[in-house]
Structure formats: structure tokens, C-alpha cells
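Chemist:
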Amino acid sequence: TTGIGGTQENYYMMREGEKHWSDPWHWAQAAIVAACRSHGVLPVDGPFGDFSDDEGFRAQALRSATLGMVGKWAIHPKQVALANEVFTPSEAAVAEAREILAAMETAKANGEGATVYKGRLVDIASIKQAEVIVRQSEMIVG
8 TTGIGGTQEN YYMMREGEKH WSDPWHWAQA AIVAACRSHG VLPVDGPFGD FSDDEGFRAQ
68 ALRSATLGMV GKWAIHPKQV ALANEVFTPS EAAVAEAREI LAAMETAKAN GEGATVYKGR
128 LVDIASIKQA EVIVRQSEMI VG
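Sequence positions in the sequence shown follow this note's numbering and run 8 to 149.
1. CB A104 to CB I140, shorter than 8 Å?
2. Counting only runs that start and end within the region 65-125, where is the alpha helix (DSSP H) found for 4 or more residues in a row?
3. Measuring alpha carbon to alpha carbon, tell me which of L74, S71, D52 and F64 ends up nearest L89.
4. Would you check if the region 68-88 and the region 51-60 touch, i.e. whether three or more CB-CB distances between them fall below 8 Å?
5. To the nearest angstrom, report how far apart R70 and K115 are at their CA atoms.
6. When we look at the beta-carbon of V40 and count the other beta-carbons within 10 Å, is it buried (16 or more) or exposed?
7. Should P96 and S144 be called a contact, given that it needs their Cβ atoms to be closer than 8 Å?
8. Note down, in chain order, each residue of its chain lying with its Cβ closer than 8 Å to the Cβ of L108, except the 5 sequence neighbours on either side.
9. Is D61 helix, strand or coil by DSSP?
10. Assuming L74 contacts A100 (C-beta within less than 8 Å), just tell me the rounded distance between them.
11. With a threshold of 8 Å on Cβ separation, who are the neighbours of E106 within its own chain once the five nearest residues in sequence on each side are excluded?
12. Taking the continuous alpha helix (DSSP H) assigned at V40, which residues delimit it?
13. Could you spell out the range, first to last residue, of the beta strand (DSSP E) harbouring V129?
14. Can you give the Cα-Cα distance for P54 and K79, rounded to whole angstroms?
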């Protein structure tokens, strides 16, 4: 397995046309993210069926990204750009992640397990977070 996704539409067991503006899928998505991350699998969110609703797609993608999903299924070509907009790390975030990795390499060369970067402590957890940002950018941007 290289990825898991498919939460929203695949879990619907509601009356036809019924919509909920809260997030009834939060628990399922959080469980998928936790399971995937603990096994080195990339969590990808499922489809958003109304491809005419850009704001709905974007909102759902933002919630998924906040939970740790790295992407979202697109059922229509116009959803690809929306997904890339949400899931592509900003240039500033990628630059900072690379700087953190460089700072930690310097710390490692000096026999240190942590260092200070822009006034804050960075350590092994910071390395993992920075690697995720760089890797995600490389997968999307190339």
C-alpha cells in the first residue's frame, strides 16, 4: 500500500440530499492519518462530489490538510488546481524547512542533537516536519 484515502463519499449513509456543514468525517480522517503515518503510508483524502462547488472543495481540502492529509482525490480536471493550491507548501515554508535541515546538519556535525533557529529550538521533531514539507513540495512541484 502506498496511499489510503476515500473518506467522504464512501462513508455516506445518509438520506438523499442531506448535508451537514459540520465535519462528520473528522474522526475517520484523523484515524486514517494516524494509521497511515504510523506505517509510513501517505494519507490522501477522498473525493468531493460536487465539482461545481470550488469553495466547498477548497474548504474540505483545507480541513484534510490540517489533519495531515497530503492530497485529495480529484474527480474533475478543475479540482486538480484547487488541490495543488491547498496541498503545495509555500515557497517560504519550503525555504524555511531547508534552512532548518541545514541548521540541524551543522548541529549534528558539532555533536549536538538540537540547535536554535530564528529564536526557537529545533530538534529531531523539527527535522521530521521539515522533511515532510520538502518532500511534499518535491512531489507536487517536481
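Even for Gly, the Cβ is constructed at its ideal location relative to N, Cα and C.
Modeler: So, from the data block:
1. yes
2. 84-94 and 98-116
3. F64
4. yes
5. 35 Å
6. buried
7. yes
8. I134, A137, E138 and V141
9. helix
10. Not really, about 18 Å apart at Cβ, beyond 8 Å.
11. Y124
12. H33 to S45
13. R127 to V129
14. 7 Å
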